[in-house]
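One structure is given here, and the rest of the page talks about it.
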Amino acid sequence: RRAIERYNPPLFVDENLCTGCRQCLELGCPAIYWDSSKAGEYTTKEGKTKKRKGVSKINDLLCNGCGLCYQVCKFDAIKAHTEVPPKGFKVKKE
């Protein structure tokens, strides 16, 4: 038997940047789930305080690092566990 190699690192959601828009959940990825226990206020990049009903989370055991959720997140809340972006994607400039 050969060991399965992981080519892309699993992704995660930066809770400080997640607005709770649920755009990533609409992909239907089995690794992405909703955490309503994180509901409450958050501060935007511009320093404004807003409310959210929760945040998206990514189960890193189920994530294959394909990068689709990384691509759809308008708020740059989805990141790789390393400094390297998912294969085929470039680092988003702020």
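Its first residue numbered 76, the sequence shown is counted upward by one per residue in the numbering used here.
Beta carbons are placed, not taken as given, at the ideal position from N, Cα and C, and that holds for glycine.
Shown here, residue 86 sits in a strand according to DSSP, grouped into three states. As a beta-bridge residue in DSSP terms, residue 126 pairs with 116. Contact annotation: residue 134 and residue 152 have beta-carbon atoms that are not nearer than 7 Å.
When 112, 145 and 155 are compared, the shortest CA-CA separation from residue 101 is found for 145. For residue 155, the uninterrupted beta strand (DSSP E) run begins and ends at 153-155, by DSSP. For residue 146, the enclosing alpha helix (DSSP H) has its first and last residue at 143-147.
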